[in-house]
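Engineer: The working numbering puts the first residue of the sequence shown at 700, with every later residue one more than the last.
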Amino acid sequence: MKVLLIGSGGREHALAWKLAQSPQLTELYAAPGNPGIADHATLVAVNVEDNAAVVAFCKDNTIDFIVVGPEAPLVAGLSDALRAAGFAVFGPSAAAAQLEGSKGFTKDICARYDIPTGAYQRFNNGPKAKAYIREQGAPIVVKADGLAAGKGVTVAMTVDEALAAVDDCFEGAFGAAGAEVVVEAYLDGEEASFFCLSDGTHALALATAQDHKRVGEGDTGPNTGGMGAYSPAPVMTPEMVERTMKEIIEPTMRGMAESGHPFSGVFFAGLMITAKGPELIEYNVRFGDPECQVLMMRLKSDLLPILYATATGTLDKVTAEWSDDPALTVVMASKGYPASYDKNTPIKSIPDAGEGAKVFHAGTALKDGALVATGGRVLNVTATGKTVGEAQSHAYALLDKVEWDNGFCRRDIGWQAINREKA
Ligand code: AMP
Ligand code: GLY
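#1: Give the secondary structure of D867 by DSSP, where H, G and I count as helix, E and B as strand, and everything else as coil.
#2: Thinking C-beta only, is Q723 closer than 8 angstroms to L1003?
#3: Mind checking which residues open and close the beta strand (DSSP E) that includes R913?
#4: Is the CB-CB distance between V747 and P772 below 8 angstroms?
#5: For K1057, which residues in the same chain have their Cβ closer than 6 angstroms to its Cβ, ignoring the five residues on either side in sequence?
#6: How many whole angstroms separate the CB atoms of M1031 and P977, which I take to be in contact at a CB cut-off of 8 angstroms?
#7: Check each residue's C-beta against every heavy atom of the ligand GLY and list, in chain order, those closer than 5 angstroms.
#8: CB-CB under 7 angstroms to T1086, same chain, minus the five flanking residues each way: which ones, in chain order?
#9: Beta strand (DSSP E) containing E883: first to last residue?
#10: Is it true that the stretch 1031-1051 meets the stretch 1066-1079, where meeting means three or more beta-carbon pairs spaced less than 8 angstroms apart?
#11: Within its chain, find whatever has a CB closer than 6 angstroms to the CB of F756; leave out the 5 residues flanking it on each side and keep chain order.
#12: Does the separation of the CB atoms of A787 and Y1007 fall below 8 angstroms?
#13: Name the DSSP bridge partner or partners of F962?
#14: Out of curiosity, what's the CA-to-CA distance linking F789 and F986?
#15: Using 8 angstroms as the threshold, is the C-beta distance between A698 and C991 below it?
#16: Suppose the cutoff is 6 angstroms on Cβ atoms and the five residues either side in sequence are ignored; what does the same chain contact list for I980 look like?
#17: Cβ atoms of L886 and T805: under 8 angstroms apart, would you say?
#18: Nearest to I1112 by CA position, among F873, A1069, F893 and A908, is which residue?
#19: What does the Cβ neighbour count give for M996, buried or exposed, with the cut at 16 atoms within 10 Å?
#20: Measuring CB atoms only, is the stretch 932-952 touching the stretch 901-916, in the sense that at least three cross pairs come out at less than 8 angstroms?
#21: What are the boundary residues of the alpha helix (DSSP H) that includes A1090?
#22: In whole angstroms, what separates the C-alpha of A902 from that of D1015?
#23: Leaving out five residues on either side along the sequence, give the residues of the same chain with a beta carbon under 7 angstroms from the beta carbon of P734.
#24: Express the C-alpha separation of K717 and A1090 in angstroms, rounding to a whole number.
#25: Quick check on D1001: buried or exposed, where buried means 16 or more other Cβ atoms within 10 Å of its Cβ?
#26: Work out the CA separation of T951 and Y982 for me, nearest whole Å.
#27: Would you mind working out which of N1105, S897, G706 and A818 sits nearest Q835, comparing C-alpha positions?
#28: Quick one: grab the DSSP three-state call for V1029.
#29: From L727 to G785, what does the alpha carbon distance come to, in whole angstroms?
#30: Going by Cα to Cα distance, which pick from K802, T1018, T923 and S958 is closest to V882?
#31: Let me check you understand the geometry: is the CB of G817 closer than 7 angstroms to at least one non-hydrogen atom of the ligand AMP?
#32: Regarding L975 and the ligand AMP, is the C-beta to nearest heavy atom distance less than 7 angstroms?
#33: How would you call G1053, buried or exposed, if buried means at least 16 neighbouring beta carbons within 10 angstroms?
#34: Does the beta carbon of K806 fall short of 7 angstroms from some heavy atom of the ligand AMP?
#35: Kindly list the residues whose CB is nearer than 6 angstroms to the CB of A928, restricted to its own chain and excluding five residues on each side of it in sequence; keep chain order.
#36: Any contact of the stretch 912-922 with the stretch 947-961, i.e. 3+ C-beta pairs under 8 angstroms?
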């Protein structure tokens, strides 16, 4: 099978690495890819923001299957354009990608299908949102409706903080994403991420993970795209997984099908495990980054037929086997991230990972033949172990051999699970 992978982050490096191991693969292309992905795929310069250009590339190169990594091309309708041209695609339609693209859309599905989530209201103006916040009191959560690169959410501990967040949204801090605001009840509990494939009719539960969104140790400081993750998430017991499937995933699939937009792709459900059980915080419609990196380390099955079955409505014919060993990834980011940072800083060397470990590339590039850091999140040092503690020691031992002066990382990735292991 000739496969085109869309994207250029650590998530896509992990997908490329795993796809490249498939006996069914004849050729892997990646657009735009990165220097890590180049070890497994031919990089192509087609503009992934131009749906027609991607379709033309797939026709010219007789591509059999396209795997879309990030959310932006999904929301922009790349899967629709490819499907209309007759291609098999892993990734939802633009209409189904609304589950990630619009928080209000998802909340309305939850309300209609009785899916457990925080009580909420949608607003398109400041005064009404503020009146609701004053009525509800704090803590309370204010969210820009649209895609805001993970930055549009304020978990406000005071009413004043919530009111200020409403002003930020309507004054344009998140651009068009903030034209509508969702105000939602604060959920108390432990967060977990749950990944589940859907072909529109059948579901295949994958695995669980926990990430670290804050930039600073002890989960402090501003939110980021994710500074590290591990899988599985201990809070997601088999009972919680079963309840998540029944109470959250299955009604969502039914809701999407009944609305005429069956969901084909991966559900990345952000959950809060509260005293009542799993509650939905949000959906993403693609693999998490860096959660995908730990999932791919643990997946024993061939990824390609699983993704292809998702795209072709035959998910009931495949299974996914997982290693019991936990995997953990530490993100190395450019100093200054998530605020501004220097670009094109030299990465002098990346060690050989050895068995049970892998350094995935995110924001890297080659400049005059030398590896440089071009992004905020740059490398994902990923390792496995018999426990999360062992996986953590393994990952940091490898990370300490990376020679990159402008890089930093958190030193406490996995702390919640490790505290549990010690207890
Ligand atoms: P989101 O972009 O919706 O995932 O929100 C980002 C982060 O804000 C989540 O990972 C949670 O840590 C937090 N958050 C979002 N909604 C809530 C909520 N209703 N209650 C508590 N925390 C929340
Ligand atoms: N790591 C969180 C995300 O991919 O959205």
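Glycine residues also receive a C-beta, built at the ideal position from the N, C-alpha and C atoms.
Structural biologist: If we stick to the structure as given:
#1: In this structure, D867 counts as helix in the three-state DSSP scheme.
#2: The beta carbons of L1003 and Q723 sit closer together than 8 angstroms.
#3: Counting along the chain, the beta strand (DSSP E) containing R913 begins and ends at R913 to G915.
#4: For V747 and P772, yes; Cβs fall inside 8 angstroms.
#5: Apart from sequence neighbours up to five positions away, the residues of its chain that approach K1057 with a beta-carbon distance below 6 angstroms are T1081, ordered along the chain.
#6: With a Cβ gap of about 32 angstroms, M1031 and P977 do not count as contacting.
#7: Counting every residue whose Cβ lies closer than 5 angstroms to a heavy atom of the ligand GLY, we get D910, G925, G987 and D988.
#8: Only residues of its own chain outside the window of five on either side were considered, and among them P1025 and E1120 have a CB closer than 7 angstroms to the CB of T1086, listed in chain order.
#9: Unbroken beta strand (DSSP E) run through E883: V880 to A884.
#10: By the Cβ criterion, the stretch 1031-1051 is in contact with the stretch 1066-1079, since at least three pairs of Cβ atoms, one from each stretch, lie closer than 8 angstroms.
#11: Closer than 6 angstroms at the Cβ level, and outside the excluded window around F756, lie V745.
#12: For A787 and Y1007, yes; Cβs fall inside 8 angstroms.
#13: According to DSSP, F962 bridges with nothing at all.
#14: Cα to Cα, F789 sits roughly 11 angstroms from F986.
#15: Nothing about residue 698 can be read from this structure; the chain reaches only from 700 to 1122.
#16: Taken in chain order, the residues that qualify are G969 and M971.
#17: No, they are not a contact pair.
#18: Taking I1112 as reference, the option from F873, A1069, F893 and A908 with the minimal CA-CA separation is A908.
#19: The residue in question, M996, is buried, as its Cβ has 16 or more Cβ neighbours within 10 Å.
#20: Yes, the stretch 932-952 is in contact with the stretch 901-916.
#21: Counting along the chain, the unbroken alpha helix (DSSP H) around A1090 starts and ends at V1087 to L1098.
#22: In this structure, the CA atom of A902 is about 8 angstroms from the CA atom of D1015.
#23: Excluding five sequence positions before and after P734, the CB atoms of its chain that fall closer than 7 angstroms to its own CB belong to H1060, T1063, A1064, L1065 and L1070, given in chain order.
#24: The straight-line gap separating the alpha-carbon atoms of A1090 and K717 is approximately 19 angstroms.
#25: Per the 10 Å Cβ criterion, buried.
#26: Note on geometry: alpha-carbon atoms of Y982 and T951 lie some 10 angstroms from one another.
#27: Q835 has its Cα closest to that of A818, out of N1105, S897, G706 and A818.
#28: Reduced to three states, the DSSP call for V1029 is strand.
#29: So the two alpha carbons sit approximately 19 angstroms from each other.
#30: Per the Cα distances, K802.
#31: At least one heavy atom of the ligand AMP sits closer than 7 angstroms to the Cβ of G817.
#32: The sequence as given places Lys at residue 975; Leu does not occur at that position. No, since every heavy atom of the ligand AMP falls outside the 7 angstroms radius drawn around the Cβ of K975.
#33: Its Cβ having fewer than 16 others within 10 Å, G1053 is exposed.
#34: Relative to the non-hydrogen atoms of the ligand AMP, the Cβ of K806 never comes closer than 7 angstroms to any of them.
#35: Result list for A928: A908, D910, P989, E990, V993 and T1028, in chain order.
#36: Counting Cβ pairs under 8 angstroms, fewer than three are found: no touch.
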